[in-house]
Structure formats: structure tokens, C-alpha cells
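Note sheet for the following structure.
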Amino acid sequence: MLSSCISKSSTDAVSTFEYWTKAAVPKGFVLLNGEYYQSPHFTLEYEVFLKFKPTKQWWYSFKEQNQLVLTTPEDDDMWIEMTRPLDWFRPGDRFIEYRLPDEWNRSRYFIDYEKGICYVYETLGM
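The numbering of the sequence shown is my numbering, which starts it at -6 and goes up by one.
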């Protein structure tokens, strides 16, 4: 029997990273916190929160591959209003905020270049 209607969820940082990237955690990463939920629908719909310290090489490759752009004051902060807040997901003023080039996408990516800490909020289809 085949079934594609099984949800996935995790509050473990390693599992969250692996669900999100569909890959093992790279060497040199420090995973600090994570939460992942994937709906049971046959289409891919998920929401991920992640706090981690990647390697510089990974971050710059990720930023380039996803064509991340800096957010501006004109960007809509609806992602915050439409998202269930987590106690640990609190990027501070030192963090630079990026988004995907698609202005309708609510995903956000934060980095503190000095400390190398990243926060990721990414959603697809939710």
C-alpha cells in the first residue's frame, strides 16, 4: 500500500536540518535549535525554524544559490504576523535579514556575521 499522506514533524535540531535540506549535517556545523512541520498533503508543504552556526562557505553558497536579497523597510513583515512565535526564534538587531527574490514568499534568513549565527524561517505552500 502506498501512502503520501503522512506528516513529518520534529523539534530536534538535527532532524529539522535533515528534513529541510534532505541531507546530513555538514562537518563544522553547530545546530542550536530547530522545529519542522511538513503537512500530510501529497504536495510538498512545510514550515521550518532553525538556529545554527554554519560554516562560512556553506552560508555564502546558500545565499548565492538561493539568490537571497536584503530586506528593505518596504518589505512586508507579514511573515511575523502569520507565524506561530517560538520562544527561541529571536534574531536581534545585529542580524542581517534576507529574503528570497520572490516578494510574495514569506521565508526569511538572518545572519550575525560577527558571531556566525543564522536563523532560518522557511515556508513552502503553507
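Every residue, glycine too, gets a C-beta built ideally from N, C-alpha and C.
Please classify Tyr114 as buried or exposed, where buried requires at least 16 neighbouring CB atoms within 10 angstroms.
Position 121 of the sequence shown, counting from 1, holds the residue named residue 114. Classification of Tyr114: buried, given that the 10 Å Cβ count is 16 or more.
Answer with buried or exposed for Arg83, where buried requires no fewer than 16 other C-beta atoms within 10 angstroms of its C-beta.
Walking along the sequence shown from the start, residue 83 turns up at place 90. Classification for Arg83: exposed.
Contact test: Gly118 Cβ vs the ligand PLP heavy atom, cutoff 7 Å
This structure does not include the ligand PLP; it has no bound ligands of any sort.
Which runs of the beta strand (DSSP E) spanning at least 3 residues fall entirely within the stretch 64 to 95, listed in chain order?
89 to 92
In angstroms, rounded to a whole number, what distance separates the CA positions of Lys1 and Ser54?
Sequence index remark: in the sequence shown, residue 1 carries index 8 (1-based). Sequence index remark: in the sequence shown, residue 54 carries index 61 (1-based). Lys1 and Ser54: Cα-Cα distance of roughly 27 Å.
Nearest candidate by alpha-carbon position, reference Tyr12, set Cys111, Asp105 and Glu28:
Within the sequence shown, the letter at position 19 stands for residue 12. Of Cys111, Asp105 and Glu28, the residue nearest in Cα terms is Glu28.
Can you tell me whether DSSP reads Phe45 as helix, strand or coil?
Sequence index remark: in the sequence shown, residue 45 carries index 52 (1-based). Strand, per DSSP.
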